[in-house]
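Asks: Got a structure for you, written out below as structure tokens; questions coming shortly.
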Amino acid sequence: MEYVILAVVIAVVAIGAIAGLVVSGRRRQQLPPKSQAPVITAPKTPQEPQVGEEAAPPTEEPRRTVEEVPLPEAPEAVEVEAPAEAEVAPAIEVPEPTAGRLVRLRSRLSRSQNSLGKGLLSLLSREHLDEDTWEEIEETLLTADVGVAPTQELVERLRTRVKVLGTRTPDELRGLLREELVELVGKDADRTVRSTKHEEGPAVVLVVGVNGVGKTTTTGKLARVLVADGRKVVLGAADTFRAAAADQLQTWGERVGARTVRGPEGGDPASIAFDAVKEGIAEGVDTVLIDTAGRLHTKTGLMDELGKVKRVVEKHGPVDEVLLVLDATTGQNGLIQARVFAEVVDITGIVLTKLDGTAKGGIVVAVQRELGVPVKLIGLGEGADDLAPFEPGAFVDALIGD
Ligand code: GDP
């Protein structure tokens, strides 16, 4: 009997204890989390935050007790991501400074140097400067594409000065020829590429020319020239006629950290040019460089195309420069192109490319005369920094040697 009573007591106590545990467990589940240990918002460990990504608002996170929260891994995750990002970013090149580029590249003018500079010096050094010699001097200048009128002017001035000079030492002759050639090339012209930002927006430079002259390459190299001079640049790939032009330009831009605005192949060049300037304004850059399509099919076609690009860009503000790119190796053909372009748009500067591949450096003089605008840059090779600001003194020194 006693055993029965004892068993009943134990059973009652046990039931009571179990019931109490269940109730307290239920009550604990119903308690608001605030009364529990502090809740920590755990980072989303499976989807670690990416650098630059905004963290999700804390309220969206499930609340868990301290015991349930895994160790925070966020700082580690960020550290891991950062170098990975750095690895994929394209390396940005630092272009060579522009000052002194022509002096550095002077040897590239060796073909012009031999046929023009040295040729003239040796002719002028002859003991007797008779009519035949003067004719030879004239011939040398014409062969180097200096052009008829400038050649006659130069010969006239040289004849007068040599007569006044009397006997001539090699140094005197070199000095005299240098002075006259620098005068002929034009030492006072303003050759700066207008690329300084305005209050309202960036400077806009249109690059025009016939396909094949080196227009896209020059636009890319010019971006480097401007970046080297501390400018921030946006490129506009408005040459939608040549299939690879936009890719080519974009690659040039990426190398110096400049964004390229482009459109579909065969798209409307004017709308790309417009968008490029818009992007330049939004980014607050100094200069927008626009590579245009140079189809010389008919003058009217060219006029329509370039005229439209210019008009549309001018909705944002004035165009600061229209640079005409000419291939120095094409001689008279280049001059004909120059004439046609000048009738269509107001050219403000000339870029002469491929002067490294010709003996006809005199084209600098002829083309300036033809258009009445200065040569501002010259291309002296296919290297990324082989585009030099044109300096008459350094150019003439390269031709005649100093
Ligand atoms: P575009 O059709 O006028 O845009 O011509 P590209 O820019 O594609 O250039 C045509 C070719 O001329 C390319 O092979 C360039 O590397 C080359 N080129 C451009 N400028 C120079 C230069 O100053 N010297 C030399 N040697 N080649 C150049």
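Just so we're aligned: 152 in the UniProt record's numbering is position 152 of the sequence shown, and the numbers increase by one with no gaps anywhere.
Note that CB positions come from ideal geometry on N, CA and C, so glycine has one too.
Contact between the segment 262-275 and the segment 296-310 is defined here as three or more beta-carbon pairs at a separation below 8 Å; is this criterion met?
Replies: Yes, the segment 262-275 touches the segment 296-310.
Asks: E391 by DSSP, collapsed to three states: which one?
Replies: Position 391 of the sequence shown, counted from the first residue, corresponds to residue 391. Correct three-state label for E391: coil.
Asks: Should the segment 118-135 be regarded as contacting the segment 168-187, the criterion being three or more beta carbon pairs within less than 8 Å?
Replies: Counting Cβ pairs under 8 Å, three or more are found: they touch.
Asks: Please name the residue, chosen from T300, V233, F274, that lies closest to V285 on a Cα-to-Cα basis.
Replies: The residue you call residue 285 lines up with position 285 of the sequence shown. Nearest C-alpha to V285: V233.
Asks: Measure the alpha-carbon distance for R231 versus G280 and round it to whole angstroms.
Replies: As a first step, residue 231 is located in the sequence shown; it is residue number 231 there, counting from the start. As a first step, residue 280 is located in the sequence shown; it is residue number 280 there, counting from the start. Taking the straight line from one Cα to the other gives about 12 Å.
Asks: Determine which residues share a DSSP beta bridge with R259 and list them.
Replies: Along the sequence shown, read from residue 1 onward, the residue named residue 259 stands at position 259. V234.
Asks: Return helix, strand or coil for A144, following the three-state DSSP convention.
Replies: Translated into positions along the sequence shown, residue 144 becomes position 144. Coil.
Asks: Check whether the segment 357-366 and the segment 328-340 touch, using three or more Cβ-Cβ pairs below 8 Å as the test.
Replies: Judged by Cβ distances under 8 Å, the segment 357-366 makes contact with the segment 328-340, as three or more pairs qualify.
Asks: Here's the rule I'm using: 16 or more other beta-carbon atoms within 10 Å means buried, otherwise exposed. How should R339 be labelled?
Replies: Residue numbering aside, residue 339 sits at position 339 when the sequence shown is read from its first letter. The residue is exposed, with fewer than 16 neighbouring Cβ atoms inside 10 Å.
Asks: Mind checking which residues open and close the beta strand (DSSP E) that includes V94?
Replies: Numbered from its first residue, the sequence shown carries residue 94 at position 94. Note, V94: premise wrong, no beta strand (DSSP E); not H, not E.
Asks: Please state whether DSSP places T167 in a helix, a strand or coil.
Replies: What you label residue 167 is simply residue 167 of the sequence shown in a count that begins at 1. Looking at T167 - three-state DSSP - the assignment turns out to be coil, as it is neither helix nor strand.
Asks: Write down the C-beta distance between L206 and K310 rounded to the nearest angstrom, noting that I regard them as a contact closer than 8 Å.
Replies: To locate residue 206, count along the sequence shown from 1; it is residue 206. To locate residue 310, count along the sequence shown from 1; it is residue 310. Right, their Cβ atoms sit about 7 Å apart.
Asks: Verify whether the separation of the beta carbon atoms of R246 and A237 is less than 8 Å.
Replies: As a first step, residue 246 is located in the sequence shown; it is residue number 246 there, counting from the start. As a first step, residue 237 is located in the sequence shown; it is residue number 237 there, counting from the start. It is Ala, not Arg, that sits at residue 246 in the sequence shown. For A246 and A237, yes; Cβs fall inside 8 Å.
Asks: Check whether the Cβ of L222 lies closer than 7 Å to any heavy atom of ligand 1, and answer yes or no.
Replies: Position 222 of the sequence shown, counted from the start, is the residue given in the question as residue 222. No, since every heavy atom of ligand 1 falls outside the 7 Å radius drawn around the Cβ of L222.
Asks: Is the distance from the Cβ of L181 to the Cβ of V345 below 8 Å?
Replies: By 1-based counting over the sequence shown, the position of residue 181 is 181. By 1-based counting over the sequence shown, the position of residue 345 is 345. Not in contact: L181 and V345 (Cβ atoms no closer than 8 Å).
Asks: Name the DSSP beta bridge partners of E321, please?
Replies: Here residue 321 refers to the residue found at position 321 of the sequence shown. Its beta-bridge partners are V205.
Asks: Shortest alpha-carbon distance to K197 belongs to which of L352, L377, A398, G317?
Replies: The count along the sequence shown starts at 1 and reaches residue 197 at position 197. That would be G317, whose Cα lies nearest to the Cα of K197.
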